[in-house]
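Numbering-wise, the sequence shown is residues 8 to 478 according to this note's numbering.
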Amino acid sequence: MKITFLGAAGEVTGSCYLVENKGFRFLVDCGMFQGGRDAGTKNRKAFAFDPSSLDFVILSHAHIDHSGLLPKLCRDGFEGSIYTSNATAELLEIMLRDSAHIHESAAKRAARKRNQSKEDLEPLYRMADAEKALSQVVGHGYDEIVSLHPEIELRMRDAGHILGSAILEIWIGTGGDRRKLVFSGDLGQPGRPILRDPVVIDEADYLVVESTYGNRDHKALGPSLNELVDITTQTLNNKQGNLIIPAFAVGRTQELIYYFHHLTCEGRLNNLDIFLDSPMAQRATELTKRHIMLFDEEAKKLANWKNRTNPSILLKYTESVQESIALNRIKSGAIIISASGMCTAGRILHHLRHGLPNRNNTVLIAGYQAQGTLGRQLVEGATSVRIFGENIPVRAEVRSIGGFSAHADRTALLAWISAFKKIPKQIFVTHGEVEASSALRDELAGRTTGIVSRPMAGEVYIDESPVQPSK
C-alpha cells in the first residue's frame, strides 16, 4: 500500500492524498490551496498523477480547501465517482458553483486591466467544469458501509466540523492483507452548539489526523460569548460604528447567527440589525435548516434562523449586488457578515475596503486565518493592506475571538486520538502549519507505541508488510 501526501502537508490548505494498492488508486480530498503568494501557482500546476487513472475520489467535506480542485480534476480527465456524505453532496452544489463564478469573475476583471498575465486572463476552471464535477458526486448516509471496489469499503462518521463533514473509515484489501485507514478530515470542537460532537473511532492501522490547532487550546465558550457581547456593544452603541465579520459561508456563518440569536434571547444583546451578505452563505443557511436531524438538541430549539419571532434581532439577506453595495453607505448600527472567511475573495473585500479606514468600525475575526491571507495580515496588526490594487489604511479596530473555531483544539485532538482502542501502527499528522503539526506529533510520540510522523508535500509512505486484519 502506498500513500502520497499531495496537499495539507506542512500547511493547512490544499488537502489531497493519493492512495494506491494492487493496481487501483484513489484520492482522499482534492482541495484548493489558499493564502500565500504561491497558492495560485500551486492550484494551476498540473496534478502529480494522471486524473484519468483514478478509480474514484472520497471527499471528507465541502470546504474549498478540501473540495475546491474537483472541477479541475474532472476537466483534466477524471471520470469516476466522488463519494461523500449526503449533506456534503448538497453543499457542493452551492460551493463549487460559487467557486467557479469567483474564478470566472476574476478573469473578467483581469481582462479589463492592462499588462495582465495570460494566467490571470484564464480562470482556474469554469462553471461547466463545476457542473461536470457535480454530476459525478454520489452521496451516502453516515455510518453506512459502502463497497467502492471488491477490495475497498468506506464508512463515513460524523466529524462535527461543518454540516456533512465526515471522518473516513476505509478498509483496503482482504484476508491477511486487509488494512484500515482512518482520515479524520477536519474534526469539530466537542461541546459546541449546532453540530454533534465528533464520533469516536475504535481502531485503525493507519491514521491521518488534522492538526490546525495542534499546539494550542481554544478559549472557553463562555468567555468568548462575553467578548462577543462586549465587542458588539462597544462598536454599535459606544463608537456608533459597524461590526464587520468575515465568516466562512458554511459553518461559521450559521454559528454566529445562532450565537446572536441566543444572546438576544438571554437579553444580553438587543435591537440588532444583521446583514448576511453572501449568496452562498444564505443558501447554506437554508440548507442547514433542512438538515435539522444533524443538529444537536440545543440547536434544534433555535432552528428558526430568520428569527421572525424575536423583535430584538432582525436578520436581512442581501440578494443583489446593488443591495450589497448599499450596505457600505450605512454609517453605524449594522452587523455585516460576509464571505470569505479568510478575506481572500468575495463581497467581504468590498466591505473591508470601505470599512477599514473608519475608526468607529470593528472588524471581528472569528475563524482560522491561513498564512498569506488578508485575514492573517489583519490579525497580525497590519496598518495598511492592499485590496483591489489599492493601499487601504487600517484604522478600524481589529478584534479576534478564537473560541468560536470549528476545529478541534490540542486537548480535543489528543482526547479523540486517545480514545482508539487499537493503537494505529502509524499516525500521520497533517493539515497544520509546521509549528502546530510538529507540536502535536511530538506530543503523540510520547503517548503512543505507534510511529508518528509529520509528512511534507510530495512525501510517500509505502508499506508492504502484512498486518492483523481490522474488523
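Yeah, the Cβ is synthetic: ideal placement off N, Cα and C, and Gly gets one too.
Nothing here was measured: the structure is a model prediction, and the numbers come from that model.
Put simply, the backbone Cα of Ile264 is about 12 Å away from that of Val257. Rounded to whole angstroms, Ser106 and Lys115 show a C-alpha spacing of 14 Å.
Going by DSSP, Gly453 is part of no beta strand (DSSP E) at all; its letter is neither H nor E.
Less than 7 Å separates the beta-carbon of Ser22 from that of His73.
Take the alpha-carbon of Asn335 and the one of Leu98: they are about 29 Å apart.
By the Cβ neighbour-count rule, Ile71 is buried, with 16 or more other Cβ atoms within 10 Å of its own. Put simply, of Val35, Ser231, Ala94 the residue whose alpha carbon is nearest the alpha carbon of Leu294 is Ala94. Taking a 10 Å sphere around the C-beta of Ala419, we find 16 or more other C-beta atoms and assign the residue as buried. Segment contact: the segment 167–175 against the segment 388–405, fewer than three CB-CB distances shorter than 8 Å; contact not assigned. Cβ-Cβ separation between Gly42 and Met287: approximately 19 Å, too far for a contact (criterion under 8 Å). Within the same chain, Phe40 come within 6 Å of Lys49 by CB-CB distance, once the 5 residues on both sides are set aside.
A distance below 8 Å between beta-carbons, with the five flanking residues on each side excluded, links His357 to the following residues of its chain, in chain order: Ser331, Ile332, Asn335. A contact between stretches requires three or more CB pairs, one per stretch, nearer than 8 Å, and the segment 243–254 fails this requirement with the segment 216–230. Nearest to Ile65 by alpha-carbon distance, out of His414, Val328, Leu25, is Leu25. Counting along the chain, the unbroken beta strand (DSSP E) around Ile10 starts and ends at 9–14. Per DSSP, reduced to three states, the secondary structure at Met39 is coil, with no helix or strand assignment. Rounded to whole angstroms, the gap between the alpha carbons of Ser285 and Thr351 is 14 Å.
Around Ile469, the same chain offers Lys9 as residues with beta carbons nearer than 7 Å, after the five sequence neighbours per side are excluded. Taking a cut-off of 8 Å for Cβ pairs, the segment 440–448 and the segment 209–220 touch, as three or more such pairs fall below it. Between Gly340 and Asp416, the gap from beta carbon to beta carbon reaches 7 Å or more. Pro431 sits close to Tyr213, with the two beta carbons spaced by under 7 Å. Using a 10 angstroms sphere on the CB of Gln261, the tally of other CB atoms reaches 16 or more, which defines it as buried. With contacts defined as CB atoms closer than 7 Å, Ala377 and Gly17 fail to qualify as a contacting pair. Per DSSP, reduced to three states, the secondary structure at Leu334 is helical. Taking every protein chain shown into account, the CB of Val459 has 16 or more other CB atoms within 10 angstroms, so this residue is buried.
Under the three-pair Cβ rule at 8 Å, the segment 80–91 does not count as touching the segment 198–211. Asp45 has no beta-bridge partner at all, per DSSP.
In this structure, Thr242 is the residue among Thr242, Glu273, Phe282 with its C-alpha nearest to the C-alpha of Val370. As the crow flies, the alpha-carbon of Thr455 is around 22 Å from that of Phe12.
When Glu138, Ala211, Gly183, Ile109 are compared, the shortest CA-CA separation from Ser425 is found for Ala211. The three-state secondary structure of Ile89, taken from DSSP, is strand. Out of Ala53, Arg203, Thr181, Ile344, the CA that lies nearest to the CA of Leu283 is found in Ile344.
Per DSSP, Ile355 has no beta-bridge partner at all. In the three-state reduction of the DSSP assignment, Arg116 falls in the helix class.
Here Pro253 is bridged, per DSSP, to Ser345. For Val153, the enclosing beta strand (DSSP E) covers residues 152–156.
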